[in-house]
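Remarks on the structure that follows.
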Amino acid sequence: MTEIVSRPKQGPQAAEAVAEVVAESKEDAAPLESIPEPSSEPVKSEPVAEEPTLTEADVESTESEPIAEAPVTKPIVEEPVTEPTVQASIPEPTVESPIREPVVEASVIEPVAEAPAVTQNEEPLAPVVESETEPTAVIIAEHVPEASSVSESAAVPKAAPAAEPVEPTAAPSDVPEHAPYLLIGGGTASFAAARSIRARDPGARVLIVTEESDLPYMRPPLSKELWFSDDPKAIETLHFKQWNGKERSIYFQPPSFYVSPADLAKVENGGVAVLTGRKVVHMDVRGNKVKLSDGAEISYEKCLIATGGVPRNLQVIERAGEEVMKRTTLFRKIEDFRSLEKISGEVKSIIIIGGGFLGSELACALGRRSTDVGLEVIQMFPEKGNMGKVLPEYLSNWTTEKVRKEGVSVITDAVVKNVTYKNDKLEIKLKDGRLTDHIVAAVGLEPSVDLAKSAGLEVDSDFGGYRVNAELQACSNIWVAGDAACFYDIKLGRRRVEHHDHAVVSGRLAGENMTGASKPYWHQSMFWSDLGPDVGYEAIGIVDSSLPTVGVFAKATAKDTPKAATEQSGTQTFPLHLLSRTKWWLVLYCGTSSTECPSRGR
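At position 415 of the sequence shown the residue is numbered 467 (this note's numbering), and the sequence of numbers has no breaks.
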């Protein structure tokens, strides 16, 4: 039996339950040596001060404290290079030879001390997430660029004999040749696996390879909290307020948490390195190595595929041409959030196609700001009501009215037949022509299985994704987690899940099994959604509007008002807009058999 619960809007609380799975283990700090880049002059490294060990986070607390960023040790400065003095021999009086100075190259190296990796002791997985906790708060820091080599060459007079050319020294590659633990994909599942691996194997060297330019981060705030932030700098800082009023970053850890990829093999106690902007394009399973998009190769001992998925698009949009595609957003990454936020302040009309989680969240987010910027927001979908594939019809209709109150024009039973571009406008052909400036296509996710062919891995024909067993194992030394995994659930059969909590739990389990745990996936992950500041819900298990349901409702009273709730608690820790709902309901989704459900009401 599955349940879905509406509650006073505390969506980020649910995120806390998710991210604490990542942060609940305790890690032991280990000192790392500062490793400078290769240099022509010998450099002596100064010892790095050992950072105190972190204390174990209380798993029952509702707020995880930020992980403090380790201080960066003072870079080592090379001793000044004394330029050699060369005296030219005096030739015969009749001919003067110009004095020729040798070419001297001086390189300045300012290595950045790596932050010590933190390891934690994992706790057993909980079968069902019943409490709502907050993800670990982190503060994103700026990358410290390394100083480039500087060379000086003395001018050589033309009359002097030609000197031997000085061959430039090739810059060292940041791609390690080998990684004991290779994680393909830089999302939530990979980060959870990395923490799990380090908790069970404190000296592990873990390399994450991600196509994105960002370090691992959580995606839910991109369509929820960041849109409702009062801080104008939130677009750049990517900080948002949690349910308890405290601010945090969407990044799981700051840059100082990670080890440089080039130094991964050298650090004494291992660590986690992230290779950004690189894509794995080929897997040699027999040779235990992968090839990157730039031709570099990395060998591995154990590998995790956590490539997630890519947003689907409508074929009518793909066939419409370049001008239509340029005015269409497929929302998934940080750059998509920043782009859409900018577009919403420049155009007069936006149409969101899709009535599911993402489409409904973005519609409410854009609708809330529509009155301030004079923006027309339209949401259209083929279902009879908002969230029609998830909620029973009576709740879908109720949710649709709530979305309309957010300033959104909702068009139901809408099937897009054609999209054309004319006179700087996009025309969407339904029963009537609709003109708009921009389209947001939120019509689902396609699991990324590009490596299946080269790796010889099976793709599930029904659910998509890499087919794995209950231990998330695809073959002897390859595991799959997150959106890309089609796994066997020992309770509900074969499934593929696309929610944040599942990414955390499956990533952690895959990491444990990569270190020899051999545990099956038996946890039932939860998910949540917020439609503006006033409507939200959480659910667990299989939620399908075609299943029979039983609903339990509570009637609103005077004590359910935000003012009464604040007075009763004696504090204003919760923002008032998160307490503004005056009703709650519980819906049980039952099996197809009538004996499994007390009532077949919809």
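Where is the CB? At the ideal position from N, CA and C, for every residue including glycine. Given the structure is predicted, the values throughout are model-derived calculations rather than measurements.
Restricting to Cα atoms, I'd like to know which of D266, V324, I287, E277 is closest to A251. By one-based count along the sequence shown, residue 251 stands at place 199. Taking only the C-alpha atoms, the option nearest A251 is V324.
According to DSSP, simplified to helix, strand and coil, what is R546? As a working note, residue 546 is residue 494 in the sequence shown. Correct three-state label for R546: strand.
Can you check whether the CB of V326 is closer than 9 Å to the CB of K343? Reading the sequence shown from its first residue, position 291 is the one you call residue 343. Reading the sequence shown from its first residue, position 274 is the one you call residue 326. Contact check for K343 against V326 fails: the beta carbons are separated by 9 Å or more.
Could you give the residue range of the beta strand (DSSP E) that holds L234? Translated into the one-based positions of the sequence shown, residue 234 becomes position 182. 230-236 is the extent of the beta strand (DSSP E) around L234.
Using a threshold of 8 Å, is the CB atom of E374 nearer than that to any non-hydrogen atom of the ligand ADP? The ligand ADP is absent from the structure shown, which contains no ligand whatsoever.
Taking the alpha helix (DSSP H) that A21 belongs to, which residues open and close that run? For the chain, the structure presents residues 53 to 654; residue 21 sits outside this window and is missing.
According to DSSP, simplified to helix, strand and coil, what is G537? Residue numbering aside, residue 537 sits at position 485 when the sequence shown is read from its first letter. With the sequence shown as reference, residue 537 is identified as Ala, and Gly is not the correct amino acid for it. Looking at A537 - three-state DSSP - the assignment turns out to be strand.
Here's the rule: buried if 16 or more other CB atoms are within 10 angstroms of the residue's CB, otherwise exposed. What is T601? As a working mapping, residue 601 is identified with position 549 in the sequence shown. Flag for T601 reads buried.
Checking the sheet assignment: what are the DSSP bridge partners for Q525? Counting from 1 along the sequence shown, the entry for residue 525 is found at position 473. DSSP lists W531 as the bridge partner or partners of Q525.
Does S570 pass the burial test, meaning 16 or more other C-beta atoms within 10 Å, or should it be called exposed? Here residue 570 is taken as the residue at index 518 of the sequence shown, counted from 1. Per the 10 Å Cβ criterion, exposed.
With Q305 as the anchor, note down where its beta strand (DSSP E) starts and where it stops. Taking the first residue of the sequence shown as 1, we reach residue 305 at position 253. For Q305, there is no enclosing beta strand (DSSP E), as DSSP marks it with neither H nor E.
Proximal residues to D253 (C-beta, below 6 Å), its chain only, five neighbours per side dropped: Position 201 of the sequence shown holds residue 253. Hits under 6 Å: T567.
How many angstroms separate the CA atom of L267 from the CA atom of G545? The count along the sequence shown starts at 1 and reaches residue 267 at position 215. The count along the sequence shown starts at 1 and reaches residue 545 at position 493. Whole-angstrom Cα-Cα distance: 34 Å.
Since Q576 is in the beta strand (DSSP E), which residue starts that stretch and which ends it? As a working mapping, residue 576 is identified with position 524 in the sequence shown. Here Q576 belongs to no beta strand (DSSP E), and DSSP marks it neither H nor E.
Please determine, among I463, M377, E277, the residue with the shortest C-alpha to C-alpha distance to N296. In the sequence shown, counting from the first residue as 1, residue 296 sits at position 244. Answer by Cα proximity: E277.
Run through the DSSP bridge pairs and tell me what E479 is partnered with. Locating residue 479 in the sequence shown gives position 427, counting from the first residue. As a beta-bridge residue in DSSP terms, E479 pairs with T472, L487.
I542, buried or exposed, once every other Cβ within 10 Å from all chains shown has been counted against 16: Working through the sequence shown from its first residue, we reach residue 542 at position 490. Exposure of I542 is indicated by the presence of fewer than 16 other C-beta atoms within 10 angstroms of its C-beta.
Whole angstroms are fine: how far does the CA of K318 sit from the CA of S558? What you label residue 558 is simply residue 506 of the sequence shown in a count that begins at 1. What you label residue 318 is simply residue 266 of the sequence shown in a count that begins at 1. So the two alpha carbons sit approximately 30 Å from each other.
Give the straight-line distance between the Cα atoms of F605 and V587, rounded to the nearest whole angstrom. The residue given as residue 605 occupies position 553 in the sequence shown. The residue given as residue 587 occupies position 535 in the sequence shown. Each residue's alpha carbon lies about 15 Å from the other.
Can you name the residues that DSSP bridges to Y446? For the purposes of this step, residue 446 is identified with residue 394 of the sequence shown, where counting begins at 1. According to DSSP, Y446 bridges with nothing at all.
Kindly indicate which residue of R257, K285, Q305 has the alpha-carbon position closest to the one of M270. Looking up residue 270 in the sequence shown gives position 218. The residue from R257, K285, Q305 with its alpha-carbon nearest to that of M270 is Q305.
Between which residues of its own chain and G238 is the CB-CB distance below 8 Å, once the five residues before and five after are set aside? For the purposes of this step, residue 238 is taken as residue 186 along the sequence shown, with counting starting at 1. Cβ within range, chain order: I260, V261, T262, E263, E264, D266, L267, P268, V326, T328.
Start and end residues, beta strand (DSSP E) containing H551: On the sequence shown, position 499 is the one that residue 551 refers to. It is not in any beta strand (DSSP E) - H551 carries neither H nor E in the DSSP assignment.
Close beta carbons around S422, own chain, < 6 Å, minus the five adjacent residues each side: Locating residue 422 in the sequence shown gives position 370, counting from the first residue. Sequence-distant Cβ neighbours of S422 in its own chain, meaning closer than 6 Å and more than five residues away, are V429, G459.
Anyone know if the C-beta pair for A536 and T359 falls short of 9 Å? For the purposes of this step, residue 536 is taken as the residue at position 484 of the sequence shown. For the purposes of this step, residue 359 is taken as the residue at position 307 of the sequence shown. Yes; because the gap between Cβ atoms is below 9 Å, this pair is in contact.
Note the first and the last residue of the continuous beta strand (DSSP E) segment covering E458. Along the sequence shown, one-based indexing puts residue 458 at 406. No beta strand (DSSP E) contains E458, which DSSP labels as neither H nor E.
Let me know the secondary structure DSSP gives T567 once reduced to three states. On the sequence shown, position 515 is the one that residue 567 refers to. Note: T567 maps to coil in three-state DSSP.
Between the beta-carbon of S581 and the beta-carbon of S448, is there less than 9 Å? Against the sequence shown, residue 581 aligns to sequence position 529. Against the sequence shown, residue 448 aligns to sequence position 396. The beta carbons of S581 and S448 sit no closer together than 9 Å.
From N470 to S401, what does the alpha carbon distance come to, in whole angstroms? Here residue 470 refers to the residue found at position 418 when the sequence shown is read from its first residue. Here residue 401 refers to the residue found at position 349 when the sequence shown is read from its first residue. Each residue's Cα considered, the two are about 18 Å apart.
Write down the C-beta distance between I369 and A493 rounded to the nearest angstrom, noting that I regard them as a contact closer than 8 Å. Here the question's residue 369 lines up with position 317 in the sequence shown. Here the question's residue 493 lines up with position 441 in the sequence shown. Confirmed, about 6 Å.
Would R338 be called buried (16 or more neighbouring beta carbons within 10 Å of its own) or exposed? One-based indexing of the sequence shown puts residue 338 at position 286. Counting C-beta atoms within 10 angstroms of its own C-beta, R338 has fewer than 16 neighbours from the protein chains shown and is therefore classed as exposed.
Are the Cβ atoms of I249 and L503 separated by less than 9 Å? By 1-based counting over the sequence shown, the position of residue 249 is 197. By 1-based counting over the sequence shown, the position of residue 503 is 451. Between I249 and L503, the C-beta gap is not smaller than 9 Å, which leaves the two residues out of contact.
Does A212 come out as helix, strand or coil in the three-state DSSP assignment? One-based indexing of the sequence shown puts residue 212 at position 160. At A212, the pLDDT of 45 sits below 50, so the modelled position is not reliable; the number obtained from the coordinates is stated separately. If DSSP states are grouped into helix, strand and coil, A212 belongs with coil.
Limits of the unbroken alpha helix (DSSP H) element including E375: On the sequence shown, position 323 is the one that residue 375 refers to. Element bounds for E375: 374-378.
F539 to F292, Cα distance in whole Å? Along the sequence shown, one-based indexing puts residue 539 at 487. Along the sequence shown, one-based indexing puts residue 292 at 240. Rounded to the nearest angstrom, the two C-alpha atoms are 33 Å apart.
Give the range of the alpha helix (DSSP H) segment to which R390 is assigned. Taking the sequence shown and counting its residues from 1, the one referred to as residue 390 is at position 338. First-last of the alpha helix (DSSP H) with R390: 386-396.
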